[in-house]
Amino acid sequence: MSNTEDKSSQLPNPEDLPSEPVMAELSDTSGSESAPDELSEALREKDQFKRLAQRAQADLVNYRRRIETEQQSALIRNQQRIVLRFVDVIDQLTVALKSDSLDGVETGWLEGLNAIHKKFLSELSFEGFEKFDSLGEEFDPRKHEALLSSITADSVPNIVIAELRPGYTHNGEVVRPAQVEISVAEPDKSSG
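Residue 312 in our numbering is what sits at position 43 of the sequence shown, and the numbering runs on without skipping anything.
Next up, the structure:
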């Protein structure tokens with residue numbers, strides 16, 4: 270016998286093969302019902318993971334924003350702290366320039382000190398720091414620190430009558446309240 274005859278005798282006869290495809294035997298009728306359930310479960314899990322990922326992404330964006338805001342606030346607070354130390358020096362220079370003890374000093378020295386004083390104030394203004402006037406204003410505890418009070422018969426109570434130390438704002442926010450003297454009403458003599 271030849272090789273070709275051996276191979277052909279080993280092959281099944283086409284008439285002996287089943288009429289239905291072999292794949293039909295592999296399909297399970299109970300599995301066809303669970304496949305949609307598994308698919309819907311997988312889709313639910315996918316949606317859940319997607320929501321978790323979106324929430325994590327939003328949390329990360331919010332965290333970055335909060336950190337940037339906190340860093341900016343810290344930077345501004347440090348700038349204010351440093352500048353306010355120089356404001357005390359400017360206040361002392363202002364008091365010195367108004368002092369009577371400078372009467373005998375050469376005018377060149379006085380002009381130089383005045384120029385330095387003006388330059389300090391100009392630089393403060395450039396950085397957003399402004400001195401505010403309080404004289405004649407109604408007392409406001411957010412802007413003023415009352416150190417003294419005086420009874421005055423002719424003025425309205427709670428009015429700033431003297432400014433002992435000027436106040437400063439930074440970009441519109443009070444960073445150092447003015448130290449002031451305020452008027453108080455004269456006690457009612459008829460009630461006592």
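Beta carbons: idealized from backbone N, C-alpha and C, even for Gly.
{"Check": "Coil, strand or helix - residue 391 by DSSP", "Outcome": "helix"}
{"Check": "Minimum length 4: unbroken alpha helix (DSSP H) runs contained in the region 288-375", "Outcome": "292-295, 298-367"}
{"Check": "Pair within 9 angstroms by beta-carbon distance, residue 390 and residue 432", "Outcome": "no"}
{"Check": "8 angstroms Cβ shell around residue 427 - same chain, five flanking residues per side excluded", "Outcome": "407, 408, 451, 452, 453"}
{"Check": "Spatial neighbours of residue 294 in its chain, beta-carbon cut-off 6 angstroms, leaving aside the 5 residues before and after", "Outcome": "Any reading at residue 294 is ruled out, since the residue's pLDDT is 49, under 50, leaving its predicted position unreliable."}
{"Check": "Length of the line joining the Cα atoms of residue 314 and residue 306", "Outcome": "12 angstroms"}
{"Check": "Proximal residues to residue 366 (C-beta, below 7 angstroms), its chain only, five neighbours per side dropped", "Outcome": "382, 383, 386"}
{"Check": "Cβ-based burial, residue 298 [other Cβ within 10 Å; buried from 16]", "Outcome": "Its pLDDT being 48, under 50, residue 298 is placed unreliably by the model, and nothing is read from it."}
{"Check": "Check whether residue 443 and residue 436 have beta carbons under 9 angstroms apart", "Outcome": "yes"}
{"Check": "Among 414, 393, 418, nearest to residue 439 - alpha-carbon criterion", "Outcome": "393"}
{"Check": "Cβ-based burial, residue 429 [other Cβ within 10 Å; buried from 16]", "Outcome": "buried"}
{"Check": "Expected contact under 8 angstroms - CB spacing of residue 374 and residue 416 to nearest Å", "Outcome": "That belief does not hold up - the Cβ atoms of residue 374 and residue 416 are roughly 30 angstroms apart, past 8 angstroms."}
{"Check": "CA-to-CA distance, residue 455 to residue 350, given in whole angstroms", "Outcome": "40 angstroms"}
{"Check": "Neighbour-count burial assignment, residue 420, 16 or more Cβ in a 10 Å radius", "Outcome": "exposed"}
{"Check": "Between the CA atoms of residue 359 and residue 368 - distance to the nearest angstrom", "Outcome": "14 angstroms"}
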